[in-house]
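Encoded as structure tokens, the structure appears first; notes follow it.
2 protein chains.
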Amino acid sequence: MREVGIIGVGHTKFGNLGRVTSRELITAAALEALEMSSLSKDDIDAVYAGLLSPDIFEHQMHAAPGIPDYLGMKNTPSTRLEAACASGGLSVMHGIIGVASGLYDHVLSVGAEKMTNLPTSHVTEALAMCADDIYEVAPGITFPGAFAMMARRHEHEFGTTPEMRAAVAVKNHKHAMENELAQFHKEITIEKAMNSLMIADPLTLYDCSPITDGAAAVVIVPWEVAKHHDGPKVKVKAFAQASDTMSLHDRPDLTGFMTTKIAARTAFERAGLTPKDIDFLEVHDCFTIAEIMAIEDMGFYEKGEGGKAALNGETYRDGRLPVNVSGGLKAKGHPIGATGVSQVVEVFKQLSGLAHERQLDDVTYGMTQNLGGSGSTIVCHILERGD
Amino acid sequence: MREVGIIGVGHTKFGNLGRVTSRELITAAALEALEMSSLSKDDIDAVYAGLLSPDIFEHQMHAAPGIPDYLGMKNTPSTRLEAACASGGLSVMHGIIGVASGLYDHVLSVGAEKMTNLPTSHVTEALAMCADDIYEVAPGITFPGAFAMMARRHEHEFGTTPEMRAAVAVKNHKHAMENELAQFHKEITIEKAMNSLMIADPLTLYDCSPITDGAAAVVIVPWEVAKHHDGPKVKVKAFAQASDTMSLHDRPDLTGFMTTKIAARTAFERAGLTPKDIDFLEVHDCFTIAEIMAIEDMGFYEKGEGGKAALNGETYRDGRLPVNVSGGLKAKGHPIGATGVSQVVEVFKQLSGLAHERQLDDVTYGMTQNLGGSGSTIVCHILERGD
Numbered sequence: 000m001r002e003v004g005i006i007g008v009g010h011t012k013f014g015n016l017g018r019v020t021s022r023e024l025i026t027a028a029a030l031e032a033l034e035m036s037s038l039s040k041d042d043i044d045a046v047y048a049g050l051l052s053p054d055i056f057e058h059q060m061h062a063a064p065g066i067p068d069y070l071g072m073k074n075t076p077s078t079r080l081e082a083a084c085a086s087g088g089l090s091v092m093h094g095i096i097g098v099a100s101g102l103y104d105h106v107l108s109v110g111a112e113k114m115t116n117l118p119t120s121h122v123t124e125a126l127a128m129c130a131d132d133i134y135e136v137a138p139g140i141t142f143p144g145a146f147a148m149m150a151r152r153h154e155h156e157f158g159t160t161p162e163m164r165a166a167v168a169v170k171n172h173k174h175a176m177e178n179e180l181a182q183f184h185k186e187i188t189i190e191k192a193m194n195s196l197m198i199a200d201p202l203t204l205y206d207c208s209p210i211t212d213g214a215a216a217v218v219i220v221p222w223e224v225a226k227h228h229d230g231p232k233v234k235v236k237a238f239a240q241a242s243d244t245m246s247l248h249d250r251p252d253l254t255g256f257m258t259t260k261i262a263a264r265t266a267f268e269r270a271g272l273t274p275k276d277i278d279f280l281e282v283h284d285c286f287t288i289a290e291i292m293a294i295e296d297m298g299f300y301e302k303g304e305g306g307k308a309a310l311n312g313e314t315y316r317d318g319r320l321p322v323n324v325s326g327g328l329k330a331k332g333h334p335i336g337a338t339g340v341s342q343v344v345e346v347f348k349q350l351s352g353l354a355h356e357r358q359l360d361d362v363t364y365g366m367t368q369n370l371g372g373s374g375s376t377i378v379c380h381i382l383e384r385g386d
Numbered sequence: 000m001r002e003v004g005i006i007g008v009g010h011t012k013f014g015n016l017g018r019v020t021s022r023e024l025i026t027a028a029a030l031e032a033l034e035m036s037s038l039s040k041d042d043i044d045a046v047y048a049g050l051l052s053p054d055i056f057e058h059q060m061h062a063a064p065g066i067p068d069y070l071g072m073k074n075t076p077s078t079r080l081e082a083a084c085a086s087g088g089l090s091v092m093h094g095i096i097g098v099a100s101g102l103y104d105h106v107l108s109v110g111a112e113k114m115t116n117l118p119t120s121h122v123t124e125a126l127a128m129c130a131d132d133i134y135e136v137a138p139g140i141t142f143p144g145a146f147a148m149m150a151r152r153h154e155h156e157f158g159t160t161p162e163m164r165a166a167v168a169v170k171n172h173k174h175a176m177e178n179e180l181a182q183f184h185k186e187i188t189i190e191k192a193m194n195s196l197m198i199a200d201p202l203t204l205y206d207c208s209p210i211t212d213g214a215a216a217v218v219i220v221p222w223e224v225a226k227h228h229d230g231p232k233v234k235v236k237a238f239a240q241a242s243d244t245m246s247l248h249d250r251p252d253l254t255g256f257m258t259t260k261i262a263a264r265t266a267f268e269r270a271g272l273t274p275k276d277i278d279f280l281e282v283h284d285c286f287t288i289a290e291i292m293a294i295e296d297m298g299f300y301e302k303g304e305g306g307k308a309a310l311n312g313e314t315y316r317d318g319r320l321p322v323n324v325s326g327g328l329k330a331k332g333h334p335i336g337a338t339g340v341s342q343v344v345e346v347f348k349q350l351s352g353l354a355h356e357r358q359l360d361d362v363t364y365g366m367t368q369n370l371g372g373s374g375s376t377i378v379c380h381i382l383e384r385g386d
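So the sequences go chain by chain: B and R. Counted the way numbering that gives the first Met the number 0 counts, the first sequence spans residues 0 to 386. Counted the way numbering that gives the first Met the number 0 counts, the second sequence spans residues 0 to 386.
Structure below.
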């Protein structure tokens, strides 16, 4: 397969965006990405779209052809991918495969969700369907409950504390202060996080990511084209995907995800890199415990040591391994299908010097981890600075 | 990209299958395909799954990881694709891309739907969501209405008659008599079809495909592997995909699909073939008028001449261009996500001499056309006999 690069990114504001459709949000993000890439809509050979459930949220299935339709790209193949909260990661990955294979020269990969139309209880029920319906959803589990069990087990095995989880939320809220597209611009304290509403013991409100509308887009081209592009460009070093059992009871361990371990290891092997080479991460902090497990499972911390990272300041923007400088799902927001694409957009911006107030210094490699369900799908990407 | 072949297929009975999940149906079809391929589950590098809406039909989103889970393939990447009734075609196509690119050596592409759980009115409403929600669904259109408008316009422009459409239903019901996996084993007459319940004027009950449960699976490998396989094998000559506007009012013509024309033309170009080279077809007869439009738009009949094909006997199993020898969606049944895979399974069986009573003589090339929504997605495949 040939080498691949990204030459354009787009990203809407994340938040409660009112009366707008995911198709319109995608159009806005895609036009921004196309403008940066200097490509026209007619240059695009295929569209991939990560969308969790436009049927449930917007009464619109078969949403993918609506994207080239609204963009005025008549007849461009357009494909929807769904893997719960990892739908966006798979959209980017399949855009990369399309170009790397030689099938397409220019692919637009997008992701979006319009979630705030529905009452919170409906959203929670819709999201719960991404767990195993027979063994988990029917008996009554929702994702806060599933991740609460993981948090409890992580506490039991490794002594991880509520304060450590709260520190992840404090860090990501602080990071989001410098991301104008983030849903929240509000600093919080460890005390405030720990004393917030109990959602699913031991997880409180500030351990949980919010309900969000938004979209993100990237333009993927062969690296031979990207490297001559007169504008920002980033090289795709590796992607990887892994699946696991739907039910938690079928897994030997609740303190981490085998999928994250496999996807990260595969990505490192394909890239010829190790965790030591990676300068910063965007990981899937749908709950604070998920960020802690991610940085452990990806190999950046020993198992059980991840809880100390945010508390010690190591994963802040000025720490030794910045994690979720965008604000993460926790504070940037989590429009399901958009999240995996948004992570790649943030890594692109950091590697291209386009991250404004939150710009990291001297970064060469950034990595993403995008999680679906209770970790039944994981998608990782490693990107390299292109200039 | 490297050449690709298929060395195993599986297919459940289609019909009202009672208390069973799509995951279980897929497991059955996949095990049959794996057995034919002589590969073990551990050889499979990736799974692709076409499923329209396991969320609405079965309260299960994020269904893809459940497939390797049930098959005991721990951690194999598994990806769901949704493009309305073309979801299965995209599952096969992305399996082919995965192997052709060199990324994977062995891919399992599956498709399924479990639809008979819901009342017919709920299914009709769910399917309607595959049209444009804003411009078509909200004002009240469902697919019988959309295809009725196409049928009316085809009558107006070309003099296509209700008898010609009925002849498609009669033919496909006759074909299904020799397919033990088909939903219906019941011959009908033109009179019976024309006098059946009016669904959406001018379409009667027998112009419409049924609501069906079922699954199908194929095993895709490099042609270099397939050609040495001690068992049935078929070569993938080409695939192609096209999209169109969601709304019918944005199209210049209602008597055919630009997407079918583009996808078929692209597939012929990639295969280095013309319609004259193709021995038989499996096309998307969700409504009888759709089969007529398909054989025109694919280039097998002049525009306006397709209506005569079944009436003249030309598209029967013993005719000059057999179409839907499996029974088609009309009589084999139409479990949405399974259909595109099922078409490829039928072409494989015909090219491998495995079609039992309905076996065609001396066939070298077979072609599929799989349609999503009101033609907003089309996927075509051309397969070549491999022995």
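Note that CB positions come from ideal geometry on N, CA and C, so glycine has one too.
Taking the beta carbon of residue i as the centre, do at least 16 other beta carbons fall within 10 Å, making it buried, or is it exposed?
| i | result |
| --- | --- |
| Arg22 of chain B | buried |
| Thr273 of chain R | exposed |
| Thr188 of chain B | exposed |
| Asn311 of chain B | exposed |
| Met197 of chain B | exposed |
| Thr363 of chain R | exposed |
| Ser39 of chain R | exposed |
| His184 of chain B | exposed |
| Pro334 of chain B | buried |
| Arg164 of chain B | buried |
| Ala62 of chain R | buried |
| Asn194 of chain B | exposed |
| Glu190 of chain R | exposed |
Measure the beta-carbon distance from residue i to residue j and round it to whole angstroms, keeping in mind my assumption that it falls under 8 Å.
| i | j | result |
| --- | --- | --- |
| Ala150 of chain B | Pro201 of chain B | 6 Å |
| Ala214 of chain R | Thr11 of chain R | 5 Å |
| Val109 of chain B | Val346 of chain B | About 16 Å separates the two Cβ atoms, so there is no contact after all. |
| Thr258 of chain R | Ala237 of chain R | 16 Å between Cβ atoms; not a contact. |
| Glu304 of chain B | Glu295 of chain B | 7 Å |
| Val8 of chain R | Met35 of chain R | 6 Å |
| Met245 of chain B | Asp317 of chain B | Not really, about 40 Å apart at Cβ, beyond 8 Å. |
| Leu382 of chain B | Leu350 of chain B | 6 Å |
Assuming contact is defined by CB atoms lying nearer than 8 Å, are residue i and residue j in contact in what I supplied?
| i | j | result |
| --- | --- | --- |
| Ala145 of chain B | Leu247 of chain B | yes |
| Arg1 of chain R | Pro221 of chain R | yes |
| Ile377 of chain R | Phe256 of chain R | yes |
| Asp284 of chain R | Lys348 of chain R | no |
| Gln31 of chain B | Lys113 of chain B | Correcting the residue type first, residue 31 of chain B is Glu in the shown sequence and not Gln. No, the Cβ-Cβ distance between Glu31 of chain B and Lys113 of chain B is not below 8 Å. |
| Gln182 of chain B | Pro138 of chain B | no |
| Ala45 of chain B | Pro76 of chain B | yes |
| His380 of chain B | Ile288 of chain B | no |
| Ile395 of chain R | Met72 of chain R | Since the first and last residues shown for chain R are 0 and 386, residue 395 of chain R lies out of range. |
| Leu51 of chain R | Ala28 of chain R | no |
Hey, is residue i close to the ligand GDP, as in C-beta under 7 Å from one of its heavy atoms?
| i | result |
| --- | --- |
| Thr141 of chain B | This structure lacks the ligand GDP; in fact it carries no ligand of any kind. |
Please report the distance separating the alpha-carbon of residue i from that of residue j.
| i | j | result |
| --- | --- | --- |
| Ile6 of chain R | His105 of chain R | 10 Å |
| Glu313 of chain R | Ser325 of chain R | 16 Å |
| Ile66 of chain R | Gly352 of chain B | 42 Å |
| Glu135 of chain B | Phe267 of chain R | 47 Å |
| Ser90 of chain R | Thr119 of chain B | 33 Å |
| Val301 of chain B | Glu162 of chain B | Per the sequence presented here, residue 301 of chain B reads as Glu, with Val not at that position. In a straight line, the C-alpha of Glu301 of chain B is about 19 Å away from that of Glu162 of chain B. |
| Met60 of chain B | Thr160 of chain B | 42 Å |
| Gly385 of chain B | Gly14 of chain R | 54 Å |
| Asp212 of chain B | Glu179 of chain R | 48 Å |
| Leu80 of chain B | Tyr47 of chain R | 10 Å |
| Phe279 of chain R | Gly327 of chain R | 13 Å |
| Val122 of chain B | Ala192 of chain B | 23 Å |
| Val235 of chain R | Met297 of chain R | 18 Å |
| Ser375 of chain B | Lys173 of chain R | 44 Å |
| Glu156 of chain B | Glu177 of chain B | 35 Å |
Inset, instruction - Report the residue ranges of all alpha helix (DSSP H) runs contained in full by the segment 42-127 of chain B; include only those spanning at least 4 residues, in chain order. - result: Taking only runs of at least 4 residues, the alpha helix (DSSP H) segments lying wholly in the segment 42-127 of chain B are 53-57, 65-70, 86-99, 119-127.
Legend entry - Length-filtered (3 minimum) beta strand (DSSP E) runs lying within the segment 114-196 of chain R: Fully enclosed beta strand (DSSP E) runs of 3 or longer: not present.
Inset, instruction - Starting from the N-terminal side, write out each stretch of the alpha helix (DSSP H) that is 4 residues or longer and does not extend beyond the segment 276-360 of chain R. - result: Note on the segment 276-360 of chain R: whole alpha helix (DSSP H) runs with a minimum of 4 residues are 287-296, 306-310, 335-351, in chain order.
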